[in-house]
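A.B. asks: Residue numbers (our numbering): 1 to 183.
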């Protein structure tokens, strides 16, 4: 098994959330009211699943492994992907800051929300395509089997020690709920 399979699987979960966010943005653009509680849960998902789990695996394990193995073709790609991670965190922070404003009924926050949501989703859609094509494919080809096994062990450790047991299941249940709600 290639260690990127775990990351690709997580991308499928991320894309599900991005589609939910796009539907919420479209609903607001058509005059719908945002649900602040759902937005807060989306922020939690983005912070836990995308950043704490997924990005940690890349930043702490995959990217350093590519560099340690001397995969020079990945260097420029990694720099761009890390920049995307920073920009994504900034967008999530802005989204998080909008939630209490929306709870208070601040119309300017509601008006800003679709732009924040769609900017984040556009960033992540592009990021995922580039990451899978320009980073994961290289990792699959260039990283030896023992490094692949070490990465998977590291990913499992992050799941256990950082994210925690049962968290993925809870977050996937949230995806199911929000998909049904926004369909």
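Just so you know, even glycine gets a beta-carbon here, dropped at the ideal spot from N, CA and C. Since we're looking at a predicted model, the values are computed, not measured.
Using three-state DSSP, classify residue 77 as helix, strand or coil.
C.D. replies: As a position in the chain shown, residue 77 is number 77, starting the count at 1. Of the three classes helix, strand and coil, the one that applies to residue 77 here is helix, per DSSP.
A.B. asks: Is residue 153 helix, strand or coil when you go by DSSP?
C.D. replies: The sequence position of residue 153 within the chain shown is 153, counting from 1. In the three-state DSSP reduction, residue 153 falls in the helix class (H, G or I).
A.B. asks: Tell me the residue span of the alpha helix (DSSP H) that contains residue 181.
C.D. replies: If you number the chain shown from 1, residue 181 lands on position 181. Where residue 181 is concerned, the enclosing alpha helix (DSSP H) stretches over 167-182.
A.B. asks: I need the boundaries of the alpha helix (DSSP H) containing residue 113, first residue and last residue.
C.D. replies: Numbered from 1 along the chain shown, position 113 holds the residue referred to as residue 113. That run of the alpha helix (DSSP H) goes 107-131.
A.B. asks: So, at 6 Å on beta carbons, what are the nonlocal neighbours of residue 61 in its own chain, with the 5 sequence-adjacent residues on each side left out?
C.D. replies: Locating residue 61 in the chain shown gives position 61, where the first residue counts as 1. Around residue 61: 151, 154.
A.B. asks: Does the Cβ of residue 57 have 16 or more other Cβ atoms within 10 Å, making it buried, or fewer, making it exposed?
C.D. replies: Translated into the one-based positions of the chain shown, residue 57 becomes position 57. The residue is buried, with at least 16 neighbouring Cβ atoms inside 10 Å.
A.B. asks: Would you be able to state if there are at least three C-beta pairs under 8 Å between the stretch 70-87 and the stretch 2-18?
C.D. replies: no
A.B. asks: Are residue 39 and residue 99 close, meaning C-beta to C-beta below 9 Å?
C.D. replies: Translated into the one-based positions of the chain shown, residue 39 becomes position 39. Translated into the one-based positions of the chain shown, residue 99 becomes position 99. Yes.
A.B. asks: Return the CA-CA distance between residue 125 and residue 180, expressed in angstroms with no decimal places.
C.D. replies: Position 125 of the chain shown, counted from the first residue, corresponds to residue 125. Position 180 of the chain shown, counted from the first residue, corresponds to residue 180. Cα to Cα, residue 125 sits roughly 21 Å from residue 180.
A.B. asks: In three-state DSSP terms, what is residue 100?
C.D. replies: Against the chain shown, residue 100 aligns to sequence position 100. Residue state, collapsed to three classes: helix.
A.B. asks: Tell me the rounded alpha-carbon separation between residue 211 and residue 122.
C.D. replies: As displayed, the chain neither begins before 1 nor continues past 183, which places residue 211 out of reach and without an answer.
A.B. asks: What three-state label does DSSP hand residue 26 in the structure shown?
C.D. replies: Residue numbering aside, residue 26 sits at position 26 when the chain shown is read from its first letter. Note: residue 26 maps to helix in three-state DSSP.
A.B. asks: What's the gap between the Cα of residue 185 and the Cα of residue 110?
C.D. replies: No answer is possible for residue 185: the residues shown for the chain start at 1 and end at 183.
A.B. asks: Could you give the C-beta distance for residue 178 and residue 20, rounded to a whole number, given that I count them as a contact under 8 Å?
C.D. replies: Mapped onto the chain shown, residue 178 falls at position 178. Mapped onto the chain shown, residue 20 falls at position 20. Residue 178 to residue 20, Cβ: 5 Å. Contact.
A.B. asks: Distance, Cα to Cα, residue 108 vs residue 24?
C.D. replies: As a position in the chain shown, residue 108 is number 108, starting the count at 1. As a position in the chain shown, residue 24 is number 24, starting the count at 1. Spanning the two alpha carbons is a distance of roughly 16 Å.
A.B. asks: With a threshold of 7 Å on Cβ separation, who are the neighbours of residue 71 within its own chain once the five nearest residues in sequence on each side are excluded?
C.D. replies: Locating residue 71 in the chain shown gives position 71, counting from the first residue. If we look at residue 71 and ignore the five residues flanking it on each side, its Cβ neighbours are 138, 142.
A.B. asks: Pull up the distance between the alpha-carbon of residue 135 and that of residue 104, whole angstroms please.
C.D. replies: Within the chain shown, numbered from 1, the residue matching residue 135 stands at position 135. Within the chain shown, numbered from 1, the residue matching residue 104 stands at position 104. Answer to the nearest angstrom: the Cα atoms are 43 Å apart.
A.B. asks: Using CA coordinates, which residue listed in 4, 83, 92 is at the minimum distance from residue 18?
C.D. replies: The residue labelled residue 18 in the question sits at position 18 within the chain shown. For the residues 4, 83, 92, the minimum Cα distance to residue 18 belongs to 92.
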